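**Q** Shown below is the structure under consideration.
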Amino acid sequence: MTVTTRAGVLFELTVLGTPAPQGSKSKGKNGEMYESSALLKPWRDRVHTYACQVLNLRGRRGFPLAGALEVDLVLSLARPKSHMGTGRYGRRVLASAPAFPAVKPDLSKLVRSTEDALTTARVWRDDAQVVAYGRLAKVYVLARDPDALTEPGAVIRIRAAEGER
Numbered sequence: 000m001t002v003t004t005r006a007g008v009l010f011e012l013t014v015l016g017t018p019a020p021q022g023s024k025s026k027g028k029n030g031e032m033y034e035s036s037a038l039l040k041p042w043r044d045r046v047h048t049y050a051c052q053v054l055n056l057r058g059r060r061g062f063p064l065a066g067a068l069e070v071d072l073v074l075s076l077a078r079p080k081s082h083m084g085t086g087r088y089g090r091r092v093l094a095s096a097p098a099f100p101a102v103k104p105d106l107s108k109l110v111r112s113t114e115d116a117l118t119t120a121r122v123w124r125d126d127a128q129v130v131a132y133g134r135l136a137k138v139y140v141l142a143r144d145p146d147a148l149t150e151p152g153a154v155i156r157i158r159a160a161e162g163e164r
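At position 55 of the sequence shown (counting the first as 1) the number is 54 in the working numbering, and the numbers step up by one without a gap.
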């Protein structure tokens with residue numbers, strides 16, 4: 000967990016852990032619906048816990064946030080082993096490896112799970128307050144990106160939307 004304050008940023012958080020999508024549901028034996036991804040609950044719990052720690056450090060003053068909000072959300076995903084060298088080159092990314100994770104999970108489903116966790120942590124009243132994204136991306140860990148992490152996780156920044164400042 001990292002806590003920093005930048006000009007205009009109301010809330011900033013770095014969460015380490017494997018981002019998981021929310022969206023696909025399956026039907027159980029008795030007709031009840033449940034989330035298909037076994038990784039969803041651990042991810043949402045981790046985001047919730049980290050967010051609550053930051054809020055508690057700040058005394059929860061000013062939270063939940065009100066009004067229209069703009070969010071930066073950059074999710075760092077682990078590279079598949081097939082992208083990496085072997086032997087003594089095992090820590091190097093192959094030249095043939097893609098630069099971006101243009102594969103599942105869907106970015107929109109990763110956003111949904113992360114935003115829902117921030118809602119349950121009471122960072123904001125409702126994720127419907129998010130009216131814009133300053134930056135929304137999924138990248139590989141250790142990518143040449145200012146928000147890429149060294150392990151899977153997410154960088155989250157929240158500020159008042161342009162007209163609300």
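No residue lacks a Cβ here, since even glycine has one placed at the ideal position from N, Cα and C.
Since this is a predicted model, take the numbers as computed values, not measurements.
To which residues of the same chain is Gly133 closer than 6 angstroms at the C-beta, ignoring the five residues directly before and after it?
**A** Glu69 and Asp71
**Q** Report yes or no: do the segment 135 to 154 and the segment 70 to 88 share at least 3 C-beta pairs separated by less than 8 angstroms?
**A** yes
**Q** To which residues of the same chain is Gly84 closer than 7 angstroms at the C-beta, ignoring the five residues directly before and after it?
**A** Arg91 and Leu93
**Q** Any idea what DSSP makes of Asp125, helix, strand or coil?
**A** coil
**Q** Measuring from the CB of Pro63, is there a heavy atom of the ligand HEM at a distance below 8 angstroms?
**A** What this structure holds is no ligand at all, so the ligand HEM is not there to describe.
**Q** Using the Cβ count rule (16 or more neighbours within 10 Å means buried), how would you classify Tyr88?
**A** exposed
**Q** If you measure between the beta carbons of Ala67 and Ala131, is that distance less than 9 angstroms?
**A** yes
**Q** With DSSP as the reference, label Val2 as helix, strand or coil.
**A** Note on Val2: pLDDT 47, under 50, position unreliable in the model; the coordinate value appears next. In this structure, Val2 counts as coil in the three-state DSSP scheme.
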